[in-house]
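Residue numbers (full-length UniProt numbering): 1 to 171.
Before any comments, here is the structure.
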Amino acid sequence: MTHPDDPQLPDDLIAELKRRDAQPFADTDRLDERIRLAIDAHYAPTDLVATASAPASWRFRRRLIGAGLAAAAAVGFVVWLNPNTFSPPADPVAQVAPSPELPHDFNRDGALDILDVMRLAKHVQDTPPSGPLADSAAVFDVNHDQRIDAQDVQTLGRSIVRLASEKDGEV
Numbered sequence: 001m002t003h004p005d006d007p008q009l010p011d012d013l014i015a016e017l018k019r020r021d022a023q024p025f026a027d028t029d030r031l032d033e034r035i036r037l038a039i040d041a042h043y044a045p046t047d048l049v050a051t052a053s054a055p056a057s058w059r060f061r062r063r064l065i066g067a068g069l070a071a072a073a074a075v076g077f078v079v080w081l082n083p084n085t086f087s088p089p090a091d092p093v094a095q096v097a098p099s100p101e102l103p104h105d106f107n108r109d110g111a112l113d114i115l116d117v118m119r120l121a122k123h124v125q126d127t128p129p130s131g132p133l134a135d136s137a138a139v140f141d142v143n144h145d146q147r148i149d150a151q152d153v154q155t156l157g158r159s160i161v162r163l164a165s166e167k168d169g170e171v
């Protein structure tokens with residue numbers, strides 16, 4: 001064997017390398033078993049840790065489950081006392097009383113805007129067409145055709161656009 005700095009290695013090193021190369025490798029199954037046992041011994045919990053942590057873990061779990069059941073019972077009790085707590089809200093358009101200044105201001109924010117048009121459109125979408133209008137629903141009949149329909153939404157939308165352009169002086 002040659003080396004760039006030392007063309008000849010020492011004879012005793014060459015003999016040792018040849019001897020090690022000639023020896024068969026250790027039994028791999030037995031070596032694997034020894035490694036697994038060493039790992040198990042290293043990471044295995046001691047008896048003191050295992051017996052001390054198990055009851056504390058169960059106590060914690062029992063308390064956590066008990067707290068969860070108590071919270072669920074409290075929520076159930078509140079719902080039982082007041083069934084309207086978690087019910088979906090009624091149609092917001094149908095609950096609005098008209099104001100004399102802005103009869104079509106459905107969200108009562110003091111201005112006719114796109115939010116009012118969207119509320120009326122949602123009401124038209126969710127409410128099936130019906131017969132004659134009740135007095136309470138007449139405020140939603142924007143074009144006074146005795147029906148609440150998509151034409152009312154379009155009429156209200158046009159009036160908002162017209163009102164906005166009149167405010168700017170662009171008629």
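All C-beta atoms, glycine included, are put in the ideal place defined by N, C-alpha and C.
Look at the alpha carbon of residue i and the alpha carbon of residue j, and state the distance between them as a whole number of angstroms.
i: Ala56; j: Ala67; result: 16 angstroms
i: Asp152; j: Leu81; result: 40 angstroms
i: Trp58; j: Val78; result: 30 angstroms
i: Val171; j: Ser159; result: Because Val171 carries a pLDDT of 49, less than 50, the predicted location of this residue cannot be relied on, and no value is offered for it.
i: Ala71; j: Leu64; result: 11 angstroms
i: Asp126; j: Ile148; result: 11 angstroms
i: Asp32; j: Asp40; result: 12 angstroms
i: Ala44; j: Arg34; result: 15 angstroms
i: Ala74; j: Val117; result: 41 angstroms
i: Gln23; j: Leu9; result: 21 angstroms
i: Arg61; j: Ala38; result: 33 angstroms
i: Val161; j: Gly76; result: 48 angstroms
i: Leu13; j: Pro7; result: 14 angstroms
i: His42; j: Leu69; result: 40 angstroms
i: Thr28; j: Asp5; result: 38 angstroms
State the start and end residues of the unbroken alpha helix (DSSP H) segment that holds residue i.
i: Ile14; result: Asp11 to Ala22
i: His42; result: Thr28 to Tyr43
i: Leu120; result: Ile114 to Asp126
To which residues of the same chain is residue i closer than 6 angstroms at the C-beta, ignoring the five residues directly before and after it?
i: Ile114; result: none
i: Ala121; result: Val153
i: Asp145; result: none
Got a sec? Which residues, its chain only, sit under 7 angstroms from residue i by beta carbon, not counting five neighbours each side?
i: Ala150; result: Val124
i: residue 190; result: The structure shown has nothing for residue 190, since the chain only spans 1 to 171.
i: Asp11; result: none
Report all residues from its chain with a CB closer than 8 angstroms to the CB of residue i; omit the five preceding and five following residues, and keep chain order.
i: Gln143; result: It should be noted that the sequence gives Asn, not Gln, for residue 143. Cβ neighbours of Asn143 beyond the five flanking positions: Gln151, Asp152 and Thr155.
i: Asp141; result: Leu133, Arg147, Ile148 and Asp152
i: Gly110; result: Leu102
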